[in-house]
Amino acid sequence: MRYVVLFAGALIFLFPFYYMLIGSLQSAPDTSITGAFPTSGLTLDNYADINSRVDLVGSLINSGIFTGGVLLGTVVFGVLAGYALARLRFRGRGTLFVLVLLVQVIPFQLLLIPLYVLIVRGYGLADSYLGMILPFAINTTAVFIFRQFFLQLPDDLFAAARLDGAGELRVLWSVALPLVRPALLTAVLLTFIGPWNEFLWPFLVTKQADMQPLAVSLANYISNVSARAANPFGAILAGACVLAAPAVGLFIAFQRHFVSSDLGSGVKG
0 MRYVVLFAGA LIFLFPFYYM LIGSLQSAPD TSITGAFPTS GLTLDNYADI
50 NSRVDLVGSL INSGIFTGGV LLGTVVFGVL AGYALARLRF RGRGTLFVLV
100 LLVQVIPFQL LLIPLYVLIV RGYGLADSYL GMILPFAINT TAVFIFRQFF
150 LQLPDDLFAA ARLDGAGELR VLWSVALPLV RPALLTAVLL TFIGPWNEFL
200 WPFLVTKQAD MQPLAVSLAN YISNVSARAA NPFGAILAGA CVLAAPAVGL
250 FIAFQRHFVS SDLGSGVKG
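By the count of numbering that gives the first Met the number 0, the sequence shown reaches residue 268 at its end, each step adding exactly one.
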């Protein structure tokens with residue numbers, strides 16, 4: 000009975016993705032229940048139509064650069080800050096960690112105007128990848144994740160490394176990082192969804208179409224072009240499939256690493 004309930008829950012969860020894929024392959028829009036189970040008329044014309052009006056390849060490249068820059072900043076700054084908050088002893092460490100937690104409750108929309116003035120007008124980074132990446136380069140959620148994983152590591156590993164003369168950066172690189180691979184993957188996957196689907200900030204800082212990521216390009220298509228398509232419903236779903244495919248593929252490829260950990264393998268006894 001448990002497996003039946005789990006299977007039913009999985010079907011309910013997967014049905015929107017199935018309906019999105021089927022809708023993107025239909026030659027004519029059909030929003031009825033029978034449209035979810037077509038018997039004929041499947042085609043790739045919707046993908047060709049949206050690609051002719053939106054540069055999907057260029058938008059995907061922009062999204063990849065934007066997301067990759069955010070991931071790089073998240074991992075580098077998150078690892079350094081998480082390690083410092085977990086393993087270094089300094090005055091005000093607890094207060095600093097509380098401030099990191101408080102940052103998470105501040106809505107990003109509240110910071111849009113000062114960020115726009117600082118980055119676009121102050122630094123002149125409009126229509127640039129750096130202007131899109133900077134507000135997301137430090138992720139407090141990732142800092143929290145890395146801190147919690149570093150706290151779980153055995154103290155004996157760090158003590159042994161320091162006795163051998165290793166500095167803090169060497170300890171971090173050679174001892175801590177190899178043991179927190181689940182934290183790295185978790186932070187990357189959780190962070191990936193945010194910038195990949197981010198619309199508001201790239202929409203504000205990019206005015207040139209060739210600099211806009213896929214989420215912004217699809218929103219512009221829906222607002223300005225989709226009404227003139229032969230099958231607007233199918234074209235929009237085709238764009239949604241293209242946008243969702245990398246995130247779904249990344250999760251499927253790395254989901255088994257979420258729960259795997261070898262924290263105790265480095266200590267005998």
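Beta carbons are placed, not taken as given, at the ideal position from N, Cα and C, and that holds for glycine. Just so it is clear, the structure is predicted and the values come from calculations on it, not from any experiment.
- In terms of Cα proximity to VAL53, the closest of TYR115, LEU242, SER127, ALA7 is LEU242.
- Looking only at MET0, ASN138, THR30, ARG180, the smallest Cα-Cα distance to ASN230 is reached by THR30.
- In this structure PHE107 is exposed. Its beta-carbon is surrounded by fewer than 16 other beta-carbon atoms within 10 angstroms.
- Rounded to whole angstroms, the gap between the alpha carbons of GLY67 and ARG161 is 34 Å.
- Inter-segment contact for the region 21-30 and the region 180-194 is absent: fewer than three beta-carbon pairs are separated by less than 8 Å.
- Counted as a single uninterrupted DSSP element, the alpha helix (DSSP H) harbouring ASP44 occupies residues 44-52.
- Between ARG86 and PHE148, the gap from beta carbon to beta carbon reaches 8 Å or more.
- In the structure shown, GLN25 adopts extended strand secondary structure according to DSSP, grouped into three states.
- A check of alpha carbon separations from SER39 across GLN25, VAL3, ILE144, PHE6 identifies GLN25 as the nearest.
- In the structure shown, LEU152 adopts coil according to DSSP, grouped into three states.
- Under DSSP, the beta-bridge partners assigned to LEU41 are GLN25.
- For a cut-off of 8 Å, the C-beta gap from TRP195 to SER58 is around 12 Å, too long to register as a contact.
- In the three-state scheme derived from DSSP, where H, G and I count as helix and E and B as strand, GLU197 is classed as coil.
- Secondary structure of LEU242 (DSSP, three-state): helix.
- For MET131, the secondary structure class from DSSP, reduced to helix, strand or coil, is helix.
- Of all C-beta pairs linking the region 126-144 to the region 66-83, three or more are shorter than 8 Å, placing the two stretches in contact.
- Per DSSP, ILE32 lies in no alpha helix (DSSP H) and is assigned neither H nor E.
- The three-state reading of DSSP puts MET0 in coil, since its state is none of H, G, I, E or B.
- Contact between THR73 and ALA141 holds: their C-beta atoms lie close to 5 Å from each other, under 8 Å.
- In this structure PHE198 is in contact with ALA218, their Cβ atoms being roughly 6 Å apart against a cut-off of 8 Å.
- A distance below 6 Å between beta-carbons, with the five flanking residues on each side excluded, links PHE135 to the following residues of its chain, in chain order: VAL69, PRO194.
- Taking C-beta atoms as the reference points, LEU84 and PHE96 count as a pair closer than 8 Å.
- The alpha helix (DSSP H) runs of length 4 or more contained entirely in the region 162-198 are, from start to end of the chain, 167-170, 180-196.
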